[in-house]
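Chains as they are written, first to last, in the numbering used here: chain A, 32 to 205; chain B, 987 to 1186.
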């Protein structure tokens, strides 16, 4: 039983991991040099730069799918970061930039899935699981309480000749 | 009995996660059926034998208006791109210039890309995606990927992975007929853009 659970967990973790983590492949060095060179920088104000970073955190990297493009160092993520800055410099709003990427990659590119269709499960299941857990805890607590009533009741004091004698002598001294 | 129920519940959760993780592997493109994103990039070498070819050294999608376009994303460091290099050149010689063939080198060094072009004798429109913007505009996941654009400028289909001669013939036939195609190809054969597989 535990082996089956462990195997399921291992498969899911492996599937979600970044390919770099799985096989240790490295970035093509010449291409990395190219990607950094020959590209004029895009000048943004600090507020625009903050917006760009926030949008980066909301978009999934198409290469390392378990990461946002802000976390990823893949070429595709770098190209997308640059595109975000270009779009901000053009005056596009955050919503328009999100829509730009959804139009090209589909809603899957958003790390927060849209609240519709199959993706609704991602929003509803955690709440349902917490609710089910709470109900289960209440039921379990009730069951435990009903099983052991004698342990929780107050036991009458044992009758003892010494207690009788003590009480009698106390009365006599009064 | 309880163990069976627990195991069944775990299997159901596993199945849901597995479905969610694998359904993206099909790489379906939302661009299919919509206007192809424009591009404008410098050519490695001017192409002389296409009457529509611009006289200069740049190519824009608008230069090819009214023509079906085979738009291929490739890189010299990608092994699968070597597999399809001869297929694309043969396709260009067979279907061009009625069908325009365009190859955009993604995240590649210009000298390495030129050496690749010379090695495989490529003669169609070829240039670099210097800013990476065309790759993002087409929602690229890796190379090779090929988009088929109709005469009306709409993306008709997308092929993921290396093209075989049969793939190309089928896609070009669909493109010239104006059919909006389904995704074809092998997503597993795409090289993610941070994983150059050149053993150099």
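Glycine included, each C-beta is placed from N, C-alpha and C at the ideal position.
Say whether the segment 1102-1112 of chain B touches the segment 1139-1155 of chain B, bearing in mind that this needs 3 or more beta-carbon pairs closer than 8 Å, one atom from each stretch. no
So with CB distances below 8 Å, who are the chain A contacts of residue 1119 of chain B? 110, 113, 114, 117
What first and last residue would you give for the beta strand (DSSP E) that runs through residue 1133 of chain B? 1131-1135
Which residues in chain A sit within 7 Å of residue 1125 of chain B, going by Cβ to Cβ distance? 135, 136
Buried or exposed: residue 1124 of chain B, going by 16 or more other Cβ atoms within 10 Å of its Cβ? buried
Whose C-alpha, out of B/1101, B/1001, B/1134, is nearest the C-alpha of residue 1160 of chain B? B/1134
Excluding the 5 residues flanking residue 55 of chain A on each side, which residues of the same chain have their C-beta closer than 6 Å to its C-beta? Only weak support exists for where residue 55 of chain A lies, its pLDDT of 28 falling under 50; the coordinates are left without a value.
In this structure, how does DSSP classify residue 66 of chain A when only helix, strand and coil are distinguished? Note that residue 66 of chain A scores 43 on pLDDT, short of 50, meaning its location in the model is unreliable; the coordinates nonetheless yield the value given after this. Residue 66 of chain A falls in the helix class under three-state DSSP.
Can you tell me which of the three DSSP states residue 1090 of chain B falls into? strand
Is DSSP giving residue 177 of chain A helix, strand or coil here? helix
Could you give the first and the last residue of the continuous beta strand (DSSP E) run that contains residue 131 of chain A? From DSSP, residue 131 of chain A is part of no beta strand (DSSP E) but of the alpha helix (DSSP H) over 125-136.
List, from N- to C-terminal side, the beta strand (DSSP E) runs of 3 residues or more that fit wholly inside the segment 1015-1081 of chain B. 1026-1028, 1044-1046, 1055-1060
Please look up how many angstroms separate the CB atoms of residue 959 of chain B and residue 1131 of chain B, rounded, as I've assumed it's under 8 Å. Outside the modelled stretch of chain B, which goes from 987 to 1186, sits residue 959 of chain B, for which no answer is possible.
Ordered along the chain, which non-local residues of its own chain (more than five positions away) have a Cβ less than 7 Å from that of residue 114 of chain A? none
Tell me, please, which residues DSSP counts as bridged to residue 1102 of chain B. Note: residue 1102 of chain B sits in no beta bridge, so no partner.
Using a threshold of 7 Å, state whether the C-beta atoms of residue 1061 of chain B and residue 1092 of chain B are closer than that. yes
Relative to the alpha-carbon of residue 1021 of chain B, which residue among B/1137, B/1163, B/1151 has its alpha-carbon at the smallest distance? B/1137
Residue 1122 of chain B - containing alpha helix (DSSP H), residue span: 1119-1123
So, for residue 87 of chain A: in the same chain, excluding its five sequence neighbours on each side, which residues have a beta-carbon less than 7 Å away from its beta-carbon? 99, 100, 101, 112, 115
Spatially closest choice to residue 1116 of chain B from B/1044, B/1086, B/1156, by CA coordinates: B/1044
Beta strand (DSSP E) containing residue 1140 of chain B: first to last residue? Run containing residue 1140 of chain B: none; DSSP gives neither H nor E here.
Please identify the residue among B/1154, B/1095, B/1129, B/1064 whose C-alpha is closest to the C-alpha of residue 1087 of chain B. B/1154
Check the Cβ of residue 1058 of chain B against every Cβ in chain A and list those closer than 7 Å, keeping chain order. Ordered by position in chain A, no residue passes the 7 Å Cβ test against residue 1058 of chain B, which lies about 17 Å from the chain.
At the level of alpha carbons, what is the spacing between residue 991 of chain B and residue 167 of chain A? 15 Å
Of all Cβ atoms in chain A, is any one closer than 7 Å to the Cβ of residue 1122 of chain B? yes
Partner residues on chain A for residue 1016 of chain B, Cβ-Cβ distance less than 9 Å: 133, 134, 135, 136, 137, 138
Look up residue 122 of chain A in the DSSP assignment and say whether it is helix, strand or coil. coil
Identify every residue that forms a DSSP beta bridge with residue 1114 of chain B. B/1091
Beta-carbon contacts of residue 139 of chain A that lie in its chain and below 8 Å, excluding the five residues immediately before and after: 91
Between residue 1158 of chain B and residue 1064 of chain B, is the Cβ-Cβ spacing less than 7 Å? no
Beta-carbon separation (whole angstroms), residue 1080 of chain B vs residue 1030 of chain B, contact threshold 8 Å: Actually they are not in contact, since the Cβ atoms of residue 1080 of chain B and residue 1030 of chain B sit about 22 Å apart, beyond 8 Å.
Using the C-alpha atoms, what's the distance from residue 1027 of chain B back to residue 61 of chain A? Low confidence applies here, because residue 61 of chain A scores a pLDDT of 36, under 50, leaving its location unreliable and the question unanswered by this model.
State yes or no: is the beta carbon of residue 93 of chain A nearer than 7 Å to at least one beta carbon in chain B? yes
Quick check: is the beta carbon of residue 66 of chain A nearer than 7 Å to any beta carbon in chain B? For residue 66 of chain A, the predicted model reports a pLDDT of 43, less than 50, meaning its position is unreliable and no value from the coordinates is stated.
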